[in-house]
Amino acid sequence: MPSDWSSLWLSLRYAGLASGLSLLVALPLAWLLAHRRFRGAAIVEAAAGLPLVLPPAVLVYYLLAQLGRWPLRFSWRAAVGVSAVYTVPLLLRLFRSAFAAVDRSFEKIASSLGAGEWRIFWRVTVPLAWRAFIGAILIAFVRALVDFGVTALVAGGGRQVGT
Amino acid sequence: MIQVRIASHGVDLEFQAAAGITALFGAAGAGKSFILDSIAGFVTLGAGRIILDDKILYDGASGVNLPPRRRHCGYVASQWGLFPHMSLRDNLLFPLAKLPRLERHRRVQEMLGRLEIDKPARRPHEASPTERLRAAFGRALIGEPKLLLVDQPATGFDLALRAEWYRVLRMVREETSLPVLLATRDLDTCFELAGTMLLLHAGRILESGPPRTVVDQPSSVEAARLLGIRNLFPAEILTLDPGRNSSRLRLENFELTGPYFPGRLRGDRVWLCVEPGQLRAKPQNGAKPATNQVAARLERASDLPRSVRLEFAGGIVAEVARPDFEPQKDNKEWLVEFPPHALRVLGCP
Chain V
1 MPSDWSSLWL SLRYAGLASG LSLLVALPLA WLLAHRRFRG AAIVEAAAGL
51 PLVLPPAVLV YYLLAQLGRW PLRFSWRAAV GVSAVYTVPL LLRLFRSAFA
101 AVDRSFEKIA SSLGAGEWRI FWRVTVPLAW RAFIGAILIA FVRALVDFGV
151 TALVAGGGRQ VGT
Chain F
1 MIQVRIASHG VDLEFQAAAG ITALFGAAGA GKSFILDSIA GFVTLGAGRI
51 ILDDKILYDG ASGVNLPPRR RHCGYVASQW GLFPHMSLRD NLLFPLAKLP
101 RLERHRRVQE MLGRLEIDKP ARRPHEASPT ERLRAAFGRA LIGEPKLLLV
151 DQPATGFDLA LRAEWYRVLR MVREETSLPV LLATRDLDTC FELAGTMLLL
201 HAGRILESGP PRTVVDQPSS VEAARLLGIR NLFPAEILTL DPGRNSSRLR
251 LENFELTGPY FPGRLRGDRV WLCVEPGQLR AKPQNGAKPA TNQVAARLER
301 ASDLPRSVRL EFAGGIVAEV ARPDFEPQKD NKEWLVEFPP HALRVLGCP
């Protein structure tokens, strides 16, 4: 039976890129929120959580209102970008709890043993939170894959749906 | 030499410690771990100053606050804090990242030999409890710190681990010239290891000195209670006779003859304190109490490893040898004798 695998390939590629992009944004942000106290941390967190609680239709409306000024074509770039709006908050949440689950005493001890923040992160925090990280990335990937509606509407400029 | 002054977070104290083991003794919440964390740099203090060998680690007034990695303090956490995802060898390598490869491995090899860690490829959870303990000390020492901070585990000390604990800390004391600050709730550890102990309560130092002195001559009833001293009774000094080395004390329901108490005055209200092991107890059998004897009703007898603890009405606790007690165990009416030489008095109530 002849079959066309290209759309599956497209979906996977697009979901992979979307979760990769959100990883790059969410991971440093989650680390900052978990390890540094700064003014407005609570606001950043609340704002980042907003897309999670908005109904998809409302989110689409806002995104269209904001992005509608530019002539958006359905391109994979646009699709990835829009999807990231949805997956970044999700990843941020999951990473935050992954960081919180790491026993801080290990990080403290590492610092007294002469390690800088960067080394502590890669040699202690990440290995200890490894499973939770992988789980978080998988969830984000699936979310990007499944959440086609919002992406199609926005990235399609509200007119065309599908490729 | 470490000099510490802390006046924040409800802690207010000042002390210094030279080479050798200084025990920070206190109950949970007394501030022991907080002091260790402040010195290591894990908490940000308010007012205070910490100086290690002429180097200022923290100074609230001038705003100096070195990060933990630049403080050169070895830290042994209460659960050892070995990184669970690394082998024991990698745990020991961790502090040496800045050294050349060969030097790093030479030092680890040497430390593994010194601590008799035979299977360094194992992860901490695969190693034996005593091996974990040795690895934790090894990791704290391998970077050649200028001070060692040790938080003694509050639980999980079986006999084998305790023996190893003493052995490793003695080794540290004898083979290095490091000041060691040891946070502990265990009086045995203070006696076994520490040259000096600080008795902490609610963020303050109540007593300091050699453990023997602190325990034998606590200056307040509060300190005595924290040290687990039983048999504390409020008393009034009725007479004092330095010539005959004697005194007369009035307790709640009875009077006792004691030795002369230097520095006390007639009429002083004090706390009388007697070691449970120094009281003598015998069945009353209808006899009248003689001098320094008190009739007391036995409320509870409990087994100790090598003796029996008798708790009498009025809060009197005595410890007697088991063979002396065994034939009399159904007896309820006892005479408790307070030998004059065993009586000590502590500050005003």
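The listed protein sequences correspond, in order, to chains V and F.
Here the working numbering is used: position 35 in the first sequence is 35, and no number is missing along the way.
Here the working numbering is used: position 311 in the second sequence is 311, and no number is missing along the way.
Where is the CB? At the ideal position from N, CA and C, for every residue including glycine.
Since this is a predicted model, take the numbers as computed values, not measurements.
Is residue i near the ligand FAD, judged by its Cβ being under 7 angstroms from some heavy atom?
i	result
residue 220(F)	As presented, the structure is devoid of all ligands, the ligand FAD included, so that no description of it is given.
Taking just the CA atoms, how far does residue j sit from residue i?
i	j	result
residue 108(F)	residue 122(V)	22 angstroms
residue 35(F)	residue 8(F)	11 angstroms
residue 158(F)	residue 71(F)	33 angstroms
residue 10(F)	residue 202(F)	8 angstroms
residue 341(F)	residue 277(F)	13 angstroms
residue 139(F)	residue 90(F)	10 angstroms
residue 46(F)	residue 171(F)	36 angstroms
residue 291(F)	residue 256(F)	7 angstroms
residue 131(V)	residue 23(V)	15 angstroms
residue 333(F)	residue 322(F)	18 angstroms
residue 125(F)	residue 258(F)	57 angstroms
residue 15(F)	residue 5(F)	7 angstroms
residue 366(F)	residue 282(F)	Lying outside 1 to 349, the shown extent of chain F, residue 366(F) is not represented and no answer is given.
residue 162(V)	residue 62(V)	Low per-residue confidence applies at residue 162(V): pLDDT is 40, beneath 50, and the placement is therefore not dependable, though the value from the model is reported in the following sentence. Spanning the two alpha carbons is a distance of roughly 21 angstroms.
Whose CA, out of the options, lies closest to the CA of residue i?
i	options	result
residue 154(F)	11(F), 307(F), 25(F)	25(F)
residue 175(F)	20(F), 333(F), 14(F)	20(F)
residue 76(F)	132(F), 196(F), 329(F)	132(F)
residue 246(F)	343(F), 209(F), 330(F), 178(F)	343(F)
residue 125(V)	83(F), 290(F), 303(F)	83(F)
residue 51(V)	36(V), 4(V), 91(V), 102(V)	91(V)
residue 101(V)	147(V), 44(V), 133(V)	133(V)
residue 94(V)	19(V), 15(V), 110(V)	19(V)
residue 187(F)	169(F), 212(F), 163(F), 181(F)	212(F)
residue 135(V)	110(V), 97(V), 80(V), 32(V)	97(V)
residue 196(F)	282(F), 6(F), 96(F), 23(F)	23(F)
residue 237(F)	249(F), 66(F), 244(F), 152(F)	249(F)
residue 13(V)	83(V), 38(V), 58(V)	83(V)
residue 87(V)	139(V), 7(V), 112(V)	139(V)
residue 164(F)	130(F), 189(F), 137(F), 192(F)	130(F)
Mind reading off the beta-carbon distance from residue i to residue j? Whole number of angstroms is fine, and I expect it under 8 angstroms.
i	j	result
residue 396(F)	residue 73(F)	Outside the modelled stretch of chain F, which goes from 1 to 349, sits residue 396(F), for which no answer is possible.
residue 254(F)	residue 294(F)	5 angstroms
residue 117(F)	residue 88(F)	6 angstroms
residue 30(V)	residue 99(V)	6 angstroms
residue 206(F)	residue 223(F)	5 angstroms
residue 350(F)	residue 221(F)	Look at the range of chain F in this structure, 1 to 349, and you will see that residue 350(F) is not part of it.
residue 218(F)	residue 346(F)	6 angstroms
residue 317(F)	residue 231(F)	6 angstroms
residue 319(F)	residue 298(F)	That pair is no contact at about 13 angstroms.
residue 145(F)	residue 18(F)	Contact flag wrong, Cβ pair sits at about 15 angstroms.
Name the chain V residues whose beta carbon is nearer than 8 angstroms to that of residue i?
i	result
residue 67(F)	111
residue 143(F)	113, 114
residue 94(F)	110, 113, 115, 123
In the DSSP assignment, find the beta strand (DSSP E) that holds residue i and state where it starts and stops.
i	result
residue 13(F)	11-17
residue 20(F)	20-25
residue 246(F)	246-250
State the start and end residues of the unbroken alpha helix (DSSP H) segment that holds residue i.
i	result
residue 165(F)	159-175
residue 293(F)	Here residue 293(F) belongs to no alpha helix (DSSP H); instead the beta strand (DSSP E) covers 293-303.
residue 18(V)	6-35
residue 216(F)	211-216
residue 130(F)	129-142
residue 138(V)	130-146
For a contact meaning CB atoms closer than 8 angstroms, what does residue i contact in chain F?
i	result
residue 37(V)	Under the 8 angstroms cutoff, chain F gives no residues; its nearest Cβ is about 10 angstroms from residue 37(V).
residue 105(V)	77, 79, 81
residue 116(V)	69
residue 119(V)	97
Residues of chain F with CB closer than 7 angstroms to the CB of residue i, please, in chain order.
i	result
residue 101(V)	Near residue 101(V) there are no residues of chain F at all, since even the closest Cβ is about 13 angstroms away, more than 7 angstroms.
residue 13(V)	The premise fails here: residue 13(V) is roughly 33 angstroms from chain F at the closest Cβ pair, so nothing lies under 7 angstroms.
What residues of chain V sit near residue i, judged by a beta carbon separation below 9 angstroms?
i	result
residue 137(F)	Ordered by position in chain V, no residue passes the 9 angstroms Cβ test against residue 137(F), which lies about 13 angstroms from the chain.
At 7 angstroms on the CB atoms, spell out the chain V contacts of residue i, in chain order.
i	result
residue 42(F)	108
residue 85(F)	127, 128
residue 73(F)	112
Taking CB distances under 8 angstroms as the criterion, tell me whether residue i reaches chain A.
i	result
residue 266(F)	In the structure shown, chain A does not exist; the protein chains are V and F.
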